[in-house]
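Input: a single structure, listed below in structure tokens.
Structure follows, in structure tokens:
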């Protein structure tokens with residue numbers, strides 16, 4: 033008689049079923065890992081965008097703290113208000129640094145925040161002999177911005193009307209003012225920030241004579 037020898041192992045069908053199950057498990061793991069990595073990448077991008085917005089608001093706050101009541105002339109010789117505000121636009125005079133590349137530079141600058149397309153720019157106009165010159169520097173602060181708005185608080189604030197011909201604020205006063213900054217982001221919607229600052233309404237003529 034021939035003795036029947038039995039071999040321990042897997043049949044071809046069992047191997048195919050096992051491979052099919054492993055393939056399904058691997059697909060699920062790969063899909064889940066891809067979802068986790070995509071979510072982490074999305075969170076990092078949002079965190080980066082939010083950091084950019086916070087830095088832009090910090091820069092605006094820093095500029096507003098150095099607001100100056102100085103009679104500044106535009107290149108055409110017309111006097112500019114301390115602040116010009118509007119939709120997608122904010123312009124004011126602040127203390128600055130001496131630019132050695134300019135003839136007779138002043139220690140203050142004209143700052144403009146302006147929304148062009150979807151880019152919020154910070155434009156620095158240099159000043160010489162109390163007059164804005166055409167030389168300027170532009171810096172990109174934010175992208176993907178739908179709207180930018182700056183509104184003085186209170187709304188009837190006469191600050192934007194100060195000029196040597198129209199002094200609507202009594203001299204030698206320190207006013208506690210604020211400006212409401214609203215940035216409409218494509219990612220986060222409307223973002224508000226109230227920037228508080230003190231404004232010295234010292235008579236500019238006296239200010240000029242003492243400087």
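Residue numbers (our numbering): 33 to 243.
Beta carbons are placed, not taken as given, at the ideal position from N, Cα and C, and that holds for glycine.
This one's a predicted model, so the numbers in the text were calculated from it and none came from an experiment.
For residue 90, the number of other beta carbons within 10 angstroms of its own is below 16, and it is reported as exposed. Cβ contact annotation for residue 168 (same chain, cutoff 8 angstroms, sequence separation greater than five): 155, 156, 157, 158, in chain order. With fewer than 16 other Cβ atoms from the protein chains shown falling within 10 Å of its own Cβ, residue 54 counts as exposed.
Secondary structure note for residue 171: its beta strand (DSSP E) is the uninterrupted segment 163 to 174.
Between residue 178 and residue 144, the CB-CB gap reaches or exceeds 8 angstroms. Under DSSP, residue 51 shares a beta bridge with no residue. The C-beta of residue 213 has 16 or more other C-beta atoms within 10 Å across all chains shown, which makes the residue buried.
In this chain, the beta strand (DSSP E) harbouring residue 123 covers 121 to 127.
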